[in-house]
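In what follows, a structure is listed as structure tokens, so that the remarks can point back to it.
There are 2 protein chains.
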Amino acid sequence: MKTLPDVQTVLDARRDASLVDLVAFASIPSVSAQHQHRHDLLRAAEWLAERLRACGELTVEVWPTAGHPAVYAEWLGAPGAPTALIYGHYDVQPPEPLERWNTPPFTPTVRDGRLYGRGVSDDKGPLLIPVQVADAFFTAQGALPINVKFLFEGEEEVGSAHLDALVSERRERLRADFVLSADGGMWSADTPSLTVSARGIAALEFTLRGPAKDLHSGRHGGALQNPLHALAALVASLHDESGRVTVAGFYDGVQDRTPEERAETQRLPFSDEAYLQQTGANATFGEAGYSTLERQWYRPTLELNGLWGGYTGEGSKTVLPSEAHAKITCRLVPGQDPQHVTRQIIAHLHAQLPPGVTLEVQPSSHAAPAYHLPTQHPARSAAKAVLHELYGTPPLEVGMGGSIPVLDTFSRVLGIDTVFFSFAVGDEDIHAPNEFFRIERLAQGQRAWALLWQRLAQEGRRA
Amino acid sequence: MKTLPDVQTVLDARRDASLVDLVAFASIPSVSAQHQHRHDLLRAAEWLAERLRACGELTVEVWPTAGHPAVYAEWLGAPGAPTALIYGHYDVQPPEPLERWNTPPFTPTVRDGRLYGRGVSDDKGPLLIPVQVADAFFTAQGALPINVKFLFEGEEEVGSAHLDALVSERRERLRADFVLSADGGMWSADTPSLTVSARGIAALEFTLRGPAKDLHSGRHGGALQNPLHALAALVASLHDESGRVTVAGFYDGVQDRTPEERAETQRLPFSDEAYLQQTGANATFGEAGYSTLERQWYRPTLELNGLWGGYTGEGSKTVLPSEAHAKITCRLVPGQDPQHVTRQIIAHLHAQLPPGVTLEVQPSSHAAPAYHLPTQHPARSAAKAVLHELYGTPPLEVGMGGSIPVLDTFSRVLGIDTVFFSFAVGDEDIHAPNEFFRIERLAQGQRAWALLWQRLAQEGRRA
């Protein structure tokens, strides 16, 4: 193992350059959900392709899709060594509400050892780490320990709508032994962890329509259904008082975890008090009979992400509005089928629809089943060993409440599993104002990825 | 009666000028609810004062208040004749949603005999009519048949917050025999009607707070109360399935109308089918046991005017939001006390508050009890006689679902009643996009006001 010091020396020398890389990348407002940013998505893809080319030895391509393009790069110069497909995404969440940011979301800013900006943690920082590691290997020794295929998409934050088609189409080109995902994140900055499951997702949006136009609520109030009243009643009908989902068939296929599995979760160093401190909520809340972590990782949810109608500006406006709107996403666990869940919710909305309004549902393409990494997967043990070596303590194996729809794609289309190896942390306010990334974790992540590739190469040779 | 032809001749000759008056007035965006328009309120008050001065014989003053100013003008040159306090308001509702207007709200536009623009019907057109009539009387005969005191406020659309104090303070100056209100409106363009009651109003706004900041709904969903779920449950708890308000004490003091009164309402030429046609709703809806008109005019309501929280933009954003908001106004009937109603609603919100969120209520100053004009009032019979003469059919006596808070002020502080004498029509999309005023009703209204003043003078002399 005389090559490692060289790579590490190169990475150490490039500490500042790595940070500036991320600043440049995060300055591009690649908000995939917002049409006005479509050109910024192209700019971000081009920036990333250029960064990959700068590594010197990679074959780089930008792959168009029906939506935002994917960026692909490969190096296959390690015959006999395993091939890793490295996944990440260069698109980011909308930055709204803008007024809640302390510094502009696309002007990355350093405060207290953290870089603040939309997308720095999800997923531009974690994504850049393996790119920078590849660059350092090429500089230090002109080669990588294993074969790599980088696949970075631009639609993760809108449900990876076109990635399934792309992966199917490029199936041969993308063949690999496993996926290493640079998206995901550890659950705490202090304790190394390996995420071994992710919840799935199903999404829909609906509109209730009453009168053909907004009416004066004094003149017409009492005569007609108010779409806001109907919206509240319909949304309220989706949960019982404990927060359990009341949609018939919603829990179809969900299996109870074993007492052993539950006991393992119970042993994790998690406290409701610390969690409330972190989130600022005054109580935990949800389905009776499950701990907070169980509800986050292993129980399905139906969450309203947006609800609106009528006058929402300053002062008062006595309007009986024509329309009311809601956006919903569900998080799914193993056994649940996203299409079935969506169908059941739509049926519930129709069945419970209050009189005097009509319902229009817009189902979303944002859908993926839950994922679970097999316990015996070789990349799982390699990753655990590296984190143990790096942090001096064995990593916790944890679940993830969020969803990465491509996990299902990789499993179904390519037949391979995914190991999450991201250096983001769960508290970094992703999808919220003032998202940040801990600068020290750039270097930690680089060291970890270098060690991981070397270990995978050794194990590949042993196999 | 040899003076009438002269006044009418003057009014006829000024037909176009009257319309252009209204266009100029309605071009000023005097939106009282929006802080950025405060200067436009001053401009509108100045424009109106200038228009009153142009009548030549009026004493005109602009009266400051703690909010937007009131415009006052008087002529007291008819000793022995009654004195009318003429009320209207120069402020307008917010024009939002702007994208639903066919032409810009503050660029008054003529289409098919109608003038379109925010405020043309509520209340700038109806307000200008008695001003133009006074101007014509002064031109034709140098005097008015009765004494007049014009009082035009700039805060009607935000609950006339400072008018009560102003009227109290200027009590002596405002003494009159009755109020003629240029605000209100007839319920149909074809049938003359006289509004003899108005519902009262009570208003409040509330915010639910959960986590201290927006969270990722995948990572945190299921662990904490979602403020949008709590909002829906809380709002849904305010009504039963038939639309009846479930707040304890809400109906305190409400009295049943007599079988005779109900039968009279039943005889009015109103059809649910035509009403649904007009509003575009697919069904009428509300408290069982009451007709649509009864629910509009004689039953109290609790209406949501706005409901919002989370992500409401294009695409999806998987957020568990920190806050959720609601705006409420109630319409009240005789016997209900606005403060009591507001207190009961606040108590209900606290009692029904779901776990995991905190409640902050912002009560509004927008409050007034309901109003009913005494059956035997002399100005009521004069107004009926004029409308009968003008339209060849006795006017219907109708209720009004909306509220005019100053009615209570005039009754309580000045001890006088109010006769609604507005030429707006209930279908003119006030408080909604594409508000309009029927141009022909400028001339009809002028003729009616001239006749009314003459009749009141005759009756005053007889008395």
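Protein chains in written order, with full-length UniProt numbering: chain Z, 1 to 463; chain A, 1 to 463.
Using N, Cα and C, we set each Cβ at its ideal position, and we do this for glycine too.
All figures in this text were calculated on a predicted structure; none of them were measured in a lab.
So, is residue i buried or exposed, given that buried needs 16 or more other C-beta atoms within 10 angstroms?
| i | result |
| --- | --- |
| P79 (chain Z) | exposed |
| N102 (chain Z) | exposed |
| H39 (chain A) | exposed |
| A248 (chain A) | exposed |
| P94 (chain A) | buried |
| K2 (chain Z) | Residue placement at K2 (chain Z) cannot be trusted, given a pLDDT of 47 that sits under 50; what the coordinates show is reported in the next sentence. Exposed: under 16 other Cβ atoms inside 10 Å. |
| S121 (chain A) | buried |
| T83 (chain Z) | buried |
| T409 (chain Z) | buried |
| S271 (chain A) | exposed |
| V20 (chain A) | exposed |
| D252 (chain Z) | exposed |
| H388 (chain Z) | exposed |
| D214 (chain A) | buried |
| S168 (chain Z) | exposed |
| G402 (chain A) | buried |
| D135 (chain A) | buried |
| L144 (chain A) | buried |
| P29 (chain A) | buried |
Does any C-beta atom of chain Z lie closer than 8 Å to the C-beta of residue i?
| i | result |
| --- | --- |
| G306 (chain A) | yes |
| N226 (chain A) | yes |
| M1 (chain A) | For M1 (chain A), the predicted model reports a pLDDT of 45, less than 50, meaning its position is unreliable; a value from the coordinates is still stated below. No, no contact with chain Z. |
| G356 (chain A) | yes |
| H162 (chain A) | no |
| L456 (chain A) | no |
| P433 (chain A) | yes |
| A212 (chain A) | yes |
| Q93 (chain A) | yes |
| E459 (chain A) | no |
State the Cα-Cα distance for the pair residue i and residue j, rounded to the nearest angstrom.
| i | j | result |
| --- | --- | --- |
| A203 (chain Z) | H372 (chain A) | 51 Å |
| T191 (chain A) | D417 (chain A) | 24 Å |
| L151 (chain Z) | A33 (chain A) | 52 Å |
| A448 (chain A) | L353 (chain Z) | 48 Å |
| residue 471 (chain A) | Q36 (chain A) | The first residue shown for chain A is 1 and the last is 463, placing residue 471 (chain A) beyond what the model contains. |
| L349 (chain Z) | L234 (chain Z) | 7 Å |
| A370 (chain A) | E294 (chain A) | 15 Å |
| L451 (chain A) | V7 (chain A) | 10 Å |
| G286 (chain Z) | S242 (chain Z) | 6 Å |
| L304 (chain Z) | Y311 (chain A) | 9 Å |
| R111 (chain Z) | V319 (chain Z) | 45 Å |
| R53 (chain A) | G185 (chain A) | 26 Å |
| P395 (chain Z) | G210 (chain A) | 32 Å |
| T292 (chain A) | L224 (chain Z) | 8 Å |
| L128 (chain Z) | F25 (chain Z) | 9 Å |
| L407 (chain Z) | G218 (chain A) | 15 Å |
Name the DSSP beta bridge partners of residue i, please?
| i | result |
| --- | --- |
| I201 (chain Z) | Z:R331, Z:A368 |
| R114 (chain Z) | Z:R111, Z:R438 |
| N147 (chain Z) | Z:T83 |
| Y72 (chain Z) | Z:E61, Z:L151 |
| Q8 (chain Z) | Partner(s): none; Q8 (chain Z) has no beta bridge. |
| R420 (chain Z) | Residue 420 (chain Z) is actually Phe in this sequence, not Arg. Bridge partners of F420 (chain Z): Z:S181. |
| H239 (chain A) | A:V245 |
If I'm right that residue i touches residue j with Cβ under 8 Å, what's the distance once you round it to whole angstroms?
| i | j | result |
| --- | --- | --- |
| V357 (chain Z) | P227 (chain Z) | 5 Å |
| Q339 (chain Z) | A368 (chain Z) | Wrong, their Cβ atoms sit about 11 Å apart, outside the cutoff. |
| G154 (chain A) | Y87 (chain A) | Their Cβ separation, rounded to whole angstroms, is 13 Å, which puts G154 (chain A) and Y87 (chain A) out of contact at 8 Å. |
| R118 (chain A) | F106 (chain A) | 6 Å |
| A81 (chain Z) | V62 (chain Z) | Their Cβ separation, rounded to whole angstroms, is 27 Å, which puts A81 (chain Z) and V62 (chain Z) out of contact at 8 Å. |
8 Å is my cut-off, CB to CB: does residue i come that close to chain A?
| i | result |
| --- | --- |
| G315 (chain Z) | yes |
| F423 (chain Z) | no |
| N282 (chain Z) | yes |
| H68 (chain Z) | no |
| A9 (chain Z) | It is worth fixing the name first, because residue 9 (chain Z) is Thr in this sequence and not Ala. No, T9 (chain Z) does not count as interfacial toward chain A. |
| K327 (chain Z) | yes |
| T393 (chain Z) | no |
| T109 (chain Z) | no |
Starting from the beta carbon of residue i, find every residue of chain C whose beta carbon is closer than 7 Å, and list them in chain order.
| i | result |
| --- | --- |
| V158 (chain A) | Of the chains in the structure shown, none is chain C; the protein chains are Z and A. |
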